[in-house]
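Worksheet: the structure to be examined is printed underneath.
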Amino acid sequence: MEKSKVYFTDFRCNPDEGPADKLKRLIKAAGIDRLNMDGKFVAIKMHFGELGNMSFLRPNYAKAVADTVASFGGKPFLTDCNTMYPGSRKNAIEHLYCAWENGFTPLSAGCPVIIADGLKGMDDIGVPVNGGEYVKEAKIGRAIMDADVFISLTHFKGHEMTGFGGTIKNIGMGCGSRAGKKEQHSNGKPTINPELCRGCKRCLRECANNGLHFNDDTRKMEVISENCVGCGRCIGACNFDAIEFEQDAAVKELNCRMAEYTKAVVDGRPNFHISIICDVSPLCDCHSGNDVPILPDIGMFASFDPLALDQACVDACLKEKPLPNTQLTDEMNKPDFHDHGDHFDNANPNTEYKTCLSHAEKIGLGNREYEIVTVI
């Protein structure tokens with residue numbers, strides 16, 4: 055198989071330009087104009103950052119991509135799906151306020167923001183996974199699949215469950231509806247916190263399998279495990295964070311499902327991918343805070359191959375020296391430290407990412423062999 059091309063530029067800028075200008079040049083050099091965007095709806099999938107977090111990508115990068123898409127006649131919109139867990143992005147209203155507060159408005163980002171899986175995270179569409187071993191039909195936010203062209207814009211960083219958060223994480227987990235995220239994260243069934251449950255019965259109206267029961271004595275909802283199929287729609291219905299799933303899928307299985315969800319999103323449609331390695335926080339931007347970066351800022355990468363892009367970003371990170379006084383060096387300075395020979399495994403020792411990359415290659419998502427093309 056021919057090596058995939060991954061285009062790269064660093065953050066060094068001439069006096070009359072900034073990183074957003076370089077990003078425009080990078081994606082044009084990488085051939086984004088090969089996408090037929092004239093008159094087409096173009097989804098730009100990114101992460102708007104949890105409230106309190108400051109390591110997410112600045113809106114300037116999103117605007118650079120949106121402006122480039124518009125220059126080729128496309129109709130861009132920024133998008134993400136609601137989260138499965140409590141926070142500031144668990145429904146479309148709170149998610150939009152979060153995006154706006156973090157700077158993602160039509161004025162600053164150059165295009166609208168659309169939450170792809172709707173008000174409560176339940177507006178999804180079943181998408182077949184060609185060659186899927188763990189997932190036969192992925193549950194993807196409808197607006198993402200309604201778009202004619204798909205572009206991902208990723209903040210490359212560490213992650214507390216998957217080792218790092220890159221393009222596959224941004225697409226696979228990020229494009230899953232709340233039910234889709236549940237399918238990737240968990241094999242279990244929901245639990246209801248009686249202290250948070252208001253007994254409003256909104257979840258009961260969403261359950262199609264008699265998996266919920268209202269206890270007239272306690273005035274609380276309960277789960278009937280033998281009937282529950284674990285679809286996750288009750289989570290989207292609850293406005294009080296009373297329902298949650300155990301995130302009990304093994305890391306390997308989570309990685310594989312994430313790769314298969316990514317394939318569902320990009321298979322058979324025009325797609326292009328961008329990953330920016332800056333502010334490499336040890337944990338996901340989903341946290342309501344962030345620690346200092348564990349690695350130096352490296353640059354911006356772009357490719358038509360999401361797998362090659364992740365592999366290139368990993369390799370670039372592993373060549374760098376850890377920054378001092380970080381979560382990574384804290385782990386390395388522990389008396390019982392075991393060197394995994396990998397910055398991401400060392401920063402979060404209970405994680406691993408290699409099964410994600412190997413499974414992505416196995417199912418035909420892309421190629422781990424790549425050629426770097428440097429853009430000055």
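Just so it is clear: in the sequence shown, position 98 is 152 by this note's numbering, and no numbers are missing.
No residue lacks a Cβ here, since even glycine has one placed at the ideal position from N, Cα and C.
None of the values given here were measured: they were computed from a predicted structure.
Under the three-state reduction of DSSP, Ser412 is assigned to helix. Ranked by how close their Cα comes to the Cα of Asp339, the residues Phe62, Arg287 and Arg143 have Arg143 in first place.
Contact annotation: Ala192 and Thr133 have beta-carbon atoms that are not nearer than 9 angstroms. Under the criterion of beta carbons closer than 8 angstroms, Val334 and Gly186 do not qualify as touching, at roughly 31 angstroms. Under the three-state reduction of DSSP, Ala370 is assigned to helix. Residue pairing by DSSP puts His327 in a beta bridge opposite Ser206 and Ser357. Taking the C-beta atoms as reference points, Gly217 is found no nearer than 9 angstroms to Tyr424.
With respect to Asn325, Ser240 sits apart: the two C-beta atoms are not nearer than 9 angstroms. By the neighbour-count definition (other C-beta atoms within 10 Å, threshold 16), Ser279 is an exposed residue. In this structure, the alpha-carbon of Gly175 lies about 28 angstroms from that of Asp359.
Taking Met108 as the centre and dropping the five residues before and after it, the same chain places the C-beta of Asn344 closer than 7 angstroms to its C-beta, in chain order.
A check of alpha carbon separations from Lys243 across Val277, Thr428 and Trp154 identifies Val277 as the nearest.
Residue burial annotation: Glu71 is exposed, with fewer than 16 other C-beta atoms found within 10 angstroms of its C-beta. Note that the C-beta distance between Ala296 and Leu250 is below 9 angstroms. Residue environment analysis places Asn293 among the exposed positions, since fewer than 16 neighbouring C-beta atoms fall within 10 angstroms of its C-beta. Collapsing the DSSP output to three states places Met55 in coil. Residue state for Ile168 is assigned as strand, using DSSP reduced to three classes. Taking C-beta atoms as the reference points, Pro166 and Phe131 count as a pair closer than 9 angstroms. Scanning the region 258-321 from its first residue to its last, the whole alpha helix (DSSP H) runs of 4-plus residues come out as 287-291 and 305-320. Straight-line measurement puts the Cα of Cys288 at about 28 angstroms from the Cα of Ile98.
Cβ neighbours of Tyr188 within its own chain (closer than 8 angstroms, five residues either side excluded): Glu307, Cys310, Arg311 and Glu314. Of the residues His397, Thr409, Thr405 and Ala153, the one whose Cα lies closest to the Cα of Lys375 is His397.
Put simply, the backbone Cα of Asn263 is about 27 angstroms away from that of Gly228. Listed in chain order, the beta strand (DSSP E) runs fully inside the region 138-191 are 167-169 and 178-182, counting runs of at least 3 residues.
For His239, no beta strand (DSSP E) run applies; the uninterrupted alpha helix (DSSP H) run containing it begins and ends at Arg232 to His239, by DSSP. A straight-line Cα-Cα distance of about 35 angstroms links Thr208 and Pro389.
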